[in-house]
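Worksheet: the structure to be examined is printed underneath.
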Amino acid sequence: MTIHCVNITVTGDSSGVTTSGNVAFPATQVSSGTPNTLDDYEEGSWTPSVTRSSSAPSMDYYNQSGYYRKIGSWCYCSFAFQINSISSYGSGNWQIGGLPFTALTWTGGGGTGIGHGVISFTVNHPAGDNDSDDAAPWGVWVEKNTTRATFKVWNATSAGVHRGQIKSITDSTGITHMDAFQGSLQYVTAY
Amino acid sequence: MPIYCGDLTVTGTATGITSSGNVAFPAIQSASTDANTLDDYEEGGWTPIITRSGSAPSISYSHQTGWYRKIGSVCHAGFIVQVATNGLTSDGSGSWLLGGLPFASSSTGKGHGIITVTANHSSSGYGSDDAAPWALWLDNSSSAAVFKAWDADSNGLHRGQVQDLNTISNEDSFQGLIHYFTA
Numbered sequence: 050m051t052i053h054c055v056n057i058t059v060t061g062d063s064s065g066v067t068t069s070g071n072v073a074f075p076a077t078q079v080s081s082g083t084p085n086t087l088d089d090y091e092e093g094s095w096t097p098s099v100t101r102s103s104s105a106p107s108m109d110y111y112n113q114s115g116y117y118r119k120i121g122s123w124c125y126c127s128f129a130f131q132i133n134s135i136s137s138y139g140s141g142n143w144q145i146g147g148l149p150f151t152a153l154t155w156t157g158g159g160g161t162g163i164g165h166g167v168i169s170f171t172v173n174h175p176a177g178d179n180d181s182d183d184a185a186p187w188g189v190w191v192e193k194n195t196t197r198a199t200f201k202v203w204n205a206t207s208a209g210v211h212r213g214q215i216k217s218i219t220d221s222t223g224i225t226h227m228d229a230f231q232g233s234l235q236y237v238t239a240y
Numbered sequence: 312m313p314i315y316c317g318d319l320t321v322t323g324t325a326t327g328i329t330s331s332g333n334v335a336f337p338a339i340q341s342a343s344t345d346a347n348t349l350d351d352y353e354e355g356g357w358t359p360i361i362t363r364s365g366s367a368p369s370i371s372y373s374h375q376t377g378w379y380r381k382i383g384s385v386c387h388a389g390f391i392v393q394v395a396t397n398g399l400t401s402d403g404s405g406s407w408l409l410g411g412l413p414f415a416s417s418s419t420g421k422g423h424g425i426i427t428v429t430a431n432h433s434s435s436g437y438g439s440d441d442a443a444p445w446a447l448w449l450d451n452s453s454s455a456a457v458f459k460a461w462d463a464d465s466n467g468l469h470r471g472q473v474q475d476l477n478t479i480s481n482e483d484s485f486q487g488l489i490h491y492f493t494a
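Taken in order, these protein sequences are the chains called A and W.
Per my numbering, the first sequence starts with residue 50, numbered consecutively.
Per my numbering, the second sequence starts with residue 312, numbered consecutively.
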């Protein structure tokens, strides 16, 4: 076996190619502006929550869990949480908050709620609830330069206009005890 | 100071482990057939368009943004496209496509890549915003992904889609994400 190490500089920490043949990155990312340089790998967890764009609701959770894998500037996130009780609903667009990294910012406009990242999103309601489970996933998209992702909320009483979503969570009877949200999203991070 | 080189071969160019501890790949990919070799990383932008399989529609856009991250032979591409005011001047024909993907898909396995796509319509459009994402899929050796367009008048048969794309209206916008294997 011939090993060529020309031009390799190892700075004395544990980053680089390990004796196991894996690739170790610095614990603190050293961001690269070069398009062909992979400058990060990180895996960890985060705490998802429900929030709103104008004023935050007040609720507590039965459970909250989130996991992520960041490869370069691409972040994969999964999440699952279940609401225990709600004391106030807040206002504005409904959002998932607490994403592990700030999304890339950019200039330009677009439609409502556009942003970096996208996503699948599935909502379950408790068995026996008026509307039961939704069949289709919802859309949710990461807002640029934030750690939030917006999802659209519509009332099923609009007689099927908003497919894949059968329950309003805009009113006090919308979210109920033990409503659960789970899904995943992916986005470009700011670094 | 330990230096770990494993099976790494660096040819004297600016590739390999950098002084920051990152991994620099060649600007032009040197493809590997070894299943356990990561042979590319690339990040950049692309310009998404809405087109059709038969004849292309005539559309002007108020916004087109695409970004991608290619990790080995997997491409993750995000996009935001918005039709300009009075931007659709002819419908074209055939299946609706999201075109302009940054890399062609691989030649094997029809339907590589899976996808979510979310559509927003203008507030005056029929049904306003869709709640559910649409499906979007990519054929073999292609850089344009298909999405289904149905008339909402079929009253519930086609979930997650409330607007016939033959009636694209001002400022309709599309944003989403697609993942696929590159050639």
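The beta-carbon is built from N, C-alpha and C at its ideal position, and this holds for glycine as well.
Chain W within 7 Å of residue i, Cβ atoms only
| i | result |
| --- | --- |
| A/Q231 | no |
| A/V79 | yes |
| A/I120 | yes |
| A/S64 | yes |
| A/W143 | no |
| A/G160 | For A/G160, the predicted structure reports a pLDDT of 37, less than 50, and the residue's modelled location is therefore unreliable. A value from the coordinates is still provided. Yes, A/G160 counts as interfacial toward chain W. |
Buried or exposed by the 16-neighbour rule on C-beta atoms within 10 Å, applied to residue i
| i | result |
| --- | --- |
| A/P70 | This sequence places Gly at residue 70 of chain A; Pro is not what is there. By the neighbour-count rule (16 or more Cβ atoms within 10 Å), A/G70 is not buried but exposed. |
| W/D345 | exposed |
| A/E92 | exposed |
| W/A388 | buried |
| W/S452 | exposed |
| A/N133 | exposed |
| W/A338 | exposed |
| A/L234 | buried |
| A/Y111 | exposed |
| A/T199 | buried |
| W/S369 | exposed |
| W/T329 | buried |
| A/D109 | exposed |
| W/S416 | buried |
| W/G260 | Nothing in the structure corresponds to residue 260 of chain W, since chain W is present only between 312 and 494. |
| W/N347 | exposed |
| W/G467 | Note that W/G467 scores 41 on pLDDT, short of 50, meaning its location in the model is unreliable and no value can be drawn from it. |
Contact list for residue i against chain W, beta-carbon separation under 8 Å
| i | result |
| --- | --- |
| A/V99 | Under the 8 Å cutoff, chain W gives no residues; its nearest Cβ is about 16 Å from A/V99. |
Same chain, Cβ closer than 8 Å to residue i, five either side skipped, listed in chain order
| i | result |
| --- | --- |
| A/I120 | L87, D89, Y90 |
| A/L153 | S122, H165, K193, N194, Y236, V237, T238, A239 |
| A/V99 | P106, M108, F130, I132, W143, Q144, I145, G146, F230 |
Proximity test, Cβ basis, 7 Å: residue i and chain A
| i | result |
| --- | --- |
| W/S384 | no |
| W/V457 | no |
| W/A338 | yes |
| W/I328 | yes |
| W/S331 | yes |
| W/A335 | yes |
| W/A494 | no |
| W/Y491 | no |
Cβ shell of residue i (< 7 Å), same chain only, five flanking positions each side left out
| i | result |
| --- | --- |
| W/D350 | Q340, S341, A342, S343, G383 |
| A/R101 | G139, S140, G141, N142, W143, Q144 |
| W/S406 | R363, S364, V457 |
| W/A395 | S371, Y372, S373 |
| W/A418 | Going by the sequence as given, residue 418 of chain W is Ser instead of Ala. These residues qualify, in order along the chain: N451, S452, A494. |
6 Å Cβ shell around residue i - same chain, five flanking residues per side excluded
| i | result |
| --- | --- |
| A/L148 | T196 |
| W/Q375 | T358, P359, V392 |
| A/S103 | S140, G141 |
| W/F414 | C386, T493 |
| A/S81 | D88 |
| W/A446 | none |
| W/E353 | K381 |
| A/F150 | C124, T238 |
Residue i Cβ short of 6 Å to the ligand ZN heavy atom set
| i | result |
| --- | --- |
| W/F485 | The model depicted lacks the ligand ZN and carries no ligand whatsoever. |
Quick one, which residues of the segment 71-95 of chain A are near chain W if we go by CB-CB under 7 Å, in chain order? V72, F74, P75, V79, S81, T83, P84, N85, T86, L87, D88
Return the residues of the segment 343-364 of chain W that lie within a Cβ-Cβ distance of less than 7 Å from chain A, sorted by chain order. Y352, E353, E354, G355
Output, in sequence order along the chain, the residues in the segment 106-119 of chain A whose CB is closer than 7 Å to any CB in chain W. none
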